[in-house]
Amino acid sequence: MPSDARELLEVAAWWHDLGYATGLVQTGMHQIDGARFLEDMGYPNRLVALVAHHSAAKCEAHERGLVCELGRWDREESAVADALWMADMTTGPRGESFEYSDRLNEITARYNADSIVGRAMTAAQPLIRGAIDRTKDRVAG
Ligand SMILES: [Fe+2]
Numbered sequence: 053m054p055s056d057a058r059e060l061l062e063v064a065a066w067w068h069d070l071g072y073a074t075g076l077v078q079t080g081m082h083q084i085d086g087a088r089f090l091e092d093m094g095y096p097n098r099l100v101a102l103v104a105h106h107s108a109a110k111c112e113a114h115e116r117g118l119v120c121e122l123g124r125w126d127r128e129e130s131a132v133a134d135a136l137w138m139a140d141m142t143t144g145p146r147g148e149s150f151e152y153s154d155r156l157n158e159i160t161a162r163y164n165a166d167s168i169v170g171r172a173m174t175a176a177q178p179l180i181r182g183a184i185d186r187t188k189d190r191v192a193g
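Here's what the structure looks like:
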């Protein structure tokens with residue numbers, strides 16, 4: 053991965069859950085709320101879109117009726133996006149390393165499997181597994 057792409061990935065990884073910050077909540081969907089803030093602050097559209105769409109956000113947008121709002125940003129399909137999703141979905145809330153299946157179990161236990169997030173994360177499984185598999189393939193060369 054080129055150095056500029058690695059830098060973008062690192063920044064996106066730091067900022068991807070920014071929308072959970074209490075003062076930034078607008079829609080209640082952290083991916084969109086974080087993206088709106090970054091956009092308002094003038095950050096590059098590519099970074100904003102990566103945050104908006106991280107970890108199959110379209111599944112949660114569907115659950116929340118926010119598909120049109122999320123559609124303000126194009127979803128990037130790339131090594132950077134895949135690696136961001138993999139990092140998010142294999143790392144716990146305290147920085148723990150997880151296999152994806154364990155991370156999914158952790159999320160559904162924390163939010164409840166029948167919550168908006170639980171249903172979205174369950175529906176997102178094929179998309180997230182795809183991103184993880186592609187990233188592992190890229191790393192393996
Ligand atoms: Fe997130």
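Okay, so the sequence shown: first residue is 53 according to the working numbering, each after it adds one. Glycine is no exception: its CB is placed at the ideal position from the N, C-alpha and C atoms.
| Would a C-beta distance cut-off of 8 Å place Ala57 and Gln83 closer than the cut-off? | no
| query | Quick one, which of Trp66, Glu112 and Lys110 has its alpha-carbon nearest Leu90's? | reply | Trp66
| What are the start and end residues of each continuous beta strand (DSSP E) run of 3 or more residues lying completely inside the stretch 85–152, in chain order? | none
| For Ala101, which of Gly144, Trp125, Met93 and Pro54 has the nearest alpha-carbon? | Trp125
| Heavy atom of ligand 1 less than 7 Å from the Cβ of Asp140, yes or no? | yes
| task | Quick one: using the 10 Å Cβ neighbour count with 16 as the cut-off for buried, is Lys110 buried or exposed? | result | buried
| Mind checking whether Leu49 and Thr79 have CB atoms under 8 Å apart? | As displayed, the chain neither begins before 53 nor continues past 193, which places residue 49 out of reach and without an answer.
| said: On the criterion of 16 or more Cβ atoms from any shown chain inside 10 Å, does Gly71 qualify as buried, or is it exposed? | reply: buried
| In terms of alpha-carbon separation, which member of Ala192, Gly147 and Ser107 lies closest to Gly182? | Ser107
| field | Where Thr74 falls, given that 16 or more other Cβ within 10 Å makes a residue buried | value | exposed
| query | Helix, strand or coil: which one does DSSP assign to Gln78? | reply | coil
| message | Our contact map puts Arg171 next to Glu115 with C-beta atoms below 8 Å; I'd like the distance itself, whole angstroms only. | response | 6 Å
| Does at least one heavy atom of ligand 1 sit under 7 Å from the Cβ of Gln83? | yes
| task | Determine the extent of the alpha helix (DSSP H) in which Asp189 is found, giving its start and end residues. | result | Gln177 to Ala192
| message | Between His106 and ligand 1, is there a pair consisting of the residue's CB and a ligand heavy atom that are separated by less than 7 Å? | response | yes
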